Structure formats: C-alpha cells, structure tokens
Amino acid sequence: MFPSQPTENELLKTILEPLLEDFTHWFSRSRLLLESERLSFLSLEEQNDLLARVKNAQQEVATAYLLFKTTGGQVGIEAKMLLPWHQLVAECWGVSSRRRLQGWGEYQSPQTDA
Numbered sequence: 002m003f004p005s006q007p008t009e010n011e012l013l014k015t016i017l018e019p020l021l022e023d024f025t026h027w028f029s030r031s032r033l034l035l036e037s038e039r040l041s042f043l044s045l046e047e048q049n050d051l052l053a054r055v056k057n058a059q060q061e062v063a064t065a066y067l068l069f070k071t072t073g074g075q076v077g078i079e080a081k082m083l084l085p086w087h088q089l090v091a092e093c094w095g096v097s098s099r100r101r102l103q104g105w106g107e108y109q110s111p112q113t114d115a
C-alpha cells in the first residue's frame with residue numbers, strides 16, 4: 002500500500018511554520034548583533050542599512066506568522082516573499098561569520114617562545 006499524500010495544509014504546517022520560526026530566530030540574532038556592536042568592517046551607513054532591513058524583515062515575518070497561526074495554517078506565502086528573506090539571512094550569516102573571524106584574530110593567545 003502506498004502512503005497517503007499529505008494535504009496542502011499539512012505541508013504548509015510541516016514546512017512553512019518551521020521556516021518562519023527559523024527566520025524569526027536568525028533575524029533576532031542578527032538584530033541583536035547589529036544593535037549591540039559596532040562592526041569595523043562595515044561603514045556606519047552599511048550597518049544601519051542592514052539593521053533597518055533586518056527590522057523590516059522581522060515585521061514582515063511576524064505578520065506572515067500571525068496570519069498563518071490565526072488561520073490555522075490555511076495561509077501560505079508566495080515564494081517571491083521568501084527569497085528576499087533567504088537572501089537577507091545569508092547576508093547576515095556572512096556578517097556574523099566575518100565578525101567571528103575578525104574576533105578570532107583579536108582573541109588568539111599570543112605565541113610564546115619556550
């Protein structure tokens with residue numbers, strides 16, 4: 002016997018809900034970093050622009066998640082809305098990675114001659 006195919010509603014709940022939760026998580030982490038640290042490898046204007054885009058994306062994701070939950074998972078999101086969020090998360094990951102690499106150089110223990 003073949004397993005039954007999931008309904009559209011089940012697919013939305015299985016895929017979209019965790020995806021929206023991931024966006025919420027990564028945008029929150031990115032916002033915290035951008036608000037709490039001055040990143041020397043970005044100009045102040047670049048950092049403020051990235052922060053503004055993260056805040057805007059957070060609002061969009063929160064609205065989408067609210068609609069999704071309010072309708073019991075009956076509302077999906079067009080792919081054209083997801084792509085910019087994915088791109089922004091990837092950009093934030095790049096900034097975070099660069100910050101870690103920069104911090105690694107600053108926090109390495111000095112070499113001692115024995």
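Be aware that the sequence shown starts at 2, since it is given in my numbering, and climbs by one per residue.
Glycine included, C-beta positions come from ideal geometry on N, C-alpha and C.
Quantities reported herein were computed from a predicted structural model and do not represent experimental measurements.
From what residue to what residue does the alpha helix (DSSP H) around GLN7 run?
Within the sequence shown, the letter at position 6 stands for residue 7. Strictly speaking, residue 7 in this sequence is Pro, with Gln absent from that position. Taken as a continuous stretch (DSSP letters only), PRO7 belongs to no alpha helix (DSSP H), as it is neither H nor E.
In whole angstroms, what separates the C-alpha of SER98 from that of GLN75?
For the purposes of this step, residue 98 is taken as the residue at position 97 of the sequence shown. For the purposes of this step, residue 75 is taken as the residue at position 74 of the sequence shown. Looking at the backbone, the Cα of SER98 and that of GLN75 are separated by about 36 Å.
Just how far apart, CA to CA, sit SER37 and GLN60?
By one-based count along the sequence shown, residue 37 stands at place 36. By one-based count along the sequence shown, residue 60 stands at place 59. Near 20 Å, if we compare the C-alpha coordinates of GLN60 and SER37.
Do you know whose CA, among LEU40, PRO7, ASP23 and THR8, lies nearest LEU83's CA?
The residue given as residue 83 occupies position 82 in the sequence shown. Among LEU40, PRO7, ASP23 and THR8, the Cα nearest to that of LEU83 belongs to ASP23.
Could you give the residue range of the alpha helix (DSSP H) that holds ARG30?
Taking the first residue of the sequence shown as position 1, residue 30 is located at position 29. Element bounds for ARG30: 18–37.
GLN75 by DSSP, collapsed to three states: which one?
On the sequence shown, residue 75 is found 74 positions in, with the first residue counted as 1. If DSSP states are grouped into helix, strand and coil, GLN75 belongs with coil.
To which residues of the same chain is CYS93 closer than 6 Å at the C-beta, ignoring the five residues directly before and after it?
For the purposes of this step, residue 93 is taken as the residue at position 92 of the sequence shown. The residues SER31, in chain order, have a CB closer than 6 Å to that of CYS93 in the same chain once the five nearest residues on each side in sequence are set aside.
Does the separation of the CB atoms of LEU35 and LEU45 fall below 8 Å?
Working through the sequence shown from its first residue, we reach residue 35 at position 34. Working through the sequence shown from its first residue, we reach residue 45 at position 44. It is not a contact, given that the beta carbons lie outside the stated cut-off.
Is the beta carbon of ALA63 less than 8 Å from the beta carbon of ILE78?
Indexing the sequence shown from 1 puts residue 63 at position 62. Indexing the sequence shown from 1 puts residue 78 at position 77. The answer is no: Cβ separation not under 8 Å.
Mapping the DSSP letters down to three states, classify PHE42 as helix, strand or coil.
Your numbering for residue 42 matches position 41 in the sequence shown. Three-state DSSP puts PHE42 in coil, outside helix and strand.
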